[in-house]
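Peer 1:
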Amino acid sequence: MPFAPVLHSEWLKIRTLRSLVAGLGALVLVTAAFSALASLDNAADADFDPLFSAFFGVSFGQIAAITFGAQAVSSEFQGGALRVSLSSVPHRGRWFAAKATAIGVPVLAVGLLTGCVSLAVGKAVLGDRASAISWAEGLRGVVGCGIYLALMALFAAGLATLLRSGVATLSILIPFLLIVSFVVGDVSGSAADFLPDKAGQVALHETWGGALGPWTGLAVTAVWAGAALLAGAWSVRRRDA
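Residue numbers for the sequence shown follow the numbering used here, so the first one is 1300 and each next one is one higher.
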């Protein structure tokens, strides 16, 4: 079967699951809300990063992105859905590529929208202090936000495929992102710079002092996502449905 019909069918599965659609909506709302709170809190701070204040909500909005990626895959392991999918598309690699594309593209689109909304909300709350954010920095933040969220959703999708469980995946990733990330948040110039979330979020900062820049940081996150997807593809090809 050609790739396009497989992709269309995978997109239909995602679009018809209300929880997944709601998750994309939550991605925008949660990110914008926390960005507004962070900008309000930092508005009187003499030493702050205005760009990251506007995009601070991504640290929490990414939970919706990884939940979307994990749930979109884990639904295949419920009620024998994967056997039905593979009976329609015997080429397992093509099916998994379509599934990953159907996850990554909408999250990228919603992530770019999220970046625009967060930047607008953050600048509105910061007021005159937002003038420190240049047009190029704002554009980098918006593009980086979309790419980062899409990569994190794909990272979760690959891990969920390997573990065959959305619950197990979220049980690993959510504590990691909310606890480990904040614990090592102020540590730079070490291995912590190469964690998937810390590396990717460099693009959301006006300045950075670690080993990675905005685009090299996103490249590191892409390596993590690619490794998870390769592990997921191996699991799909080698294990029984």
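Cβ coordinates follow ideal geometry from the N, Cα and C atoms, glycine included.
Give the straight-line distance between the Cα atoms of Ala1526 and Asp1427, rounded to the nearest whole angstrom.
Peer 2: The residue you call residue 1526 lines up with position 227 of the sequence shown. The residue you call residue 1427 lines up with position 128 of the sequence shown. When rounded, the distance between both Cα atoms is 43 Å.
Peer 1: Please state the DSSP three-state secondary structure of Phe1367.
Peer 2: The residue given as residue 1367 occupies position 68 in the sequence shown. Helix.
Peer 1: Am I right that Ser1417 and Phe1493 are in contact with their C-beta atoms under 8 Å? What's the rounded C-beta distance?
Peer 2: The sequence position of residue 1417 within the sequence shown is 118, counting from 1. The sequence position of residue 1493 within the sequence shown is 194, counting from 1. At roughly 25 Å, the Cβ-Cβ gap does not stay under 8 Å, so Ser1417 and Phe1493 are not in contact.
Peer 1: Three or more C-beta pairs under 8 Å: does that hold for the stretch 1318 to 1327 against the stretch 1402 to 1416?
Peer 2: yes
Peer 1: Taking the continuous alpha helix (DSSP H) assigned at Trp1310, which residues delimit it?
Peer 2: Translated into the one-based positions of the sequence shown, residue 1310 becomes position 11. Per DSSP, Trp1310 belongs to the alpha helix (DSSP H) from Phe1302 to Arg1314.
Peer 1: Pull up the distance between the alpha-carbon of Ser1470 and that of Ser1534, whole angstroms please.
Peer 2: To locate residue 1470, count along the sequence shown from 1; it is residue 171. To locate residue 1534, count along the sequence shown from 1; it is residue 235. Rounded to the nearest angstrom, the two C-alpha atoms are 20 Å apart.
Peer 1: Use the C-beta contact count for Ala1431: other C-beta atoms within 10 angstroms, 16 or more gives buried, fewer gives exposed.
Peer 2: As a first step, residue 1431 is located in the sequence shown; it is residue number 132 there, counting from the start. Per the 10 Å Cβ criterion, exposed.
Peer 1: In this structure, does DSSP put Arg1428 in helix, strand or coil?
Peer 2: The sequence position of residue 1428 within the sequence shown is 129, counting from 1. In the structure shown, Arg1428 falls within a helical segment according to DSSP collapsed to helix, strand and coil.
Peer 1: Please state the DSSP three-state secondary structure of Thr1569.
Peer 2: Any answer about residue 1569 is impossible in this case: the structure gives the chain only from 1300 up to 1540.
Peer 1: Would you say Val1406 and Ala1364 are within 7 Å of each other, going by their C-beta atoms?
Peer 2: Stepping through the sequence shown from its first residue, residue 1406 is reached at position 107. Stepping through the sequence shown from its first residue, residue 1364 is reached at position 65. With respect to the 7 Å criterion, Val1406 and Ala1364 are classified as neighbours on the basis of their beta carbons.
Peer 1: Mapping the DSSP letters down to three states, classify Phe1475 as helix, strand or coil.
Peer 2: Here residue 1475 corresponds to residue number 176 of the sequence shown, with the count starting at 1. Of the three classes helix, strand and coil, the one that applies to Phe1475 here is helix, per DSSP.
Peer 1: I want to know whether the stretch 1493 to 1504 touches the stretch 1441 to 1450 - three or more CB-CB distances under 8 Å.
Peer 2: yes
Peer 1: Compare the C-alpha of Ala1521 against each of Ala1419, Gly1403 and Leu1438 and name the closest.
Peer 2: Residue mapping note: residue 1521 aligns to position 222 of the sequence shown, counting from 1. The residue with the shortest Cα to Cα distance from Ala1521 is Gly1403.
Peer 1: Please look up how many angstroms separate the CB atoms of Leu1517 and Gly1440, rounded, as I've assumed it's under 8 Å.
Peer 2: Counted from its first residue, the sequence shown places residue 1517 at position 218. Counted from its first residue, the sequence shown places residue 1440 at position 141. Leu1517 to Gly1440, Cβ: 12 Å. No contact.
Peer 1: Between the beta-carbon of Gly1421 and the beta-carbon of Ser1338, is there less than 7 Å?
Peer 2: Against the sequence shown, residue 1421 aligns to sequence position 122. Against the sequence shown, residue 1338 aligns to sequence position 39. Yes, the Cβ-Cβ distance between Gly1421 and Ser1338 is below 7 Å.
Peer 1: Taking DSSP as the reference, what is the three-state secondary structure of Val1420?
Peer 2: Position 121 of the sequence shown, counted from the start, is the residue given in the question as residue 1420. In this structure, Val1420 counts as helix in the three-state DSSP scheme.
Peer 1: If the criterion is Cβ atoms closer than 7 Å, does the pair Thr1400 and Leu1306 meet it?
Peer 2: The residue you call residue 1400 lines up with position 101 of the sequence shown. The residue you call residue 1306 lines up with position 7 of the sequence shown. Closer than 7 Å, so yes.
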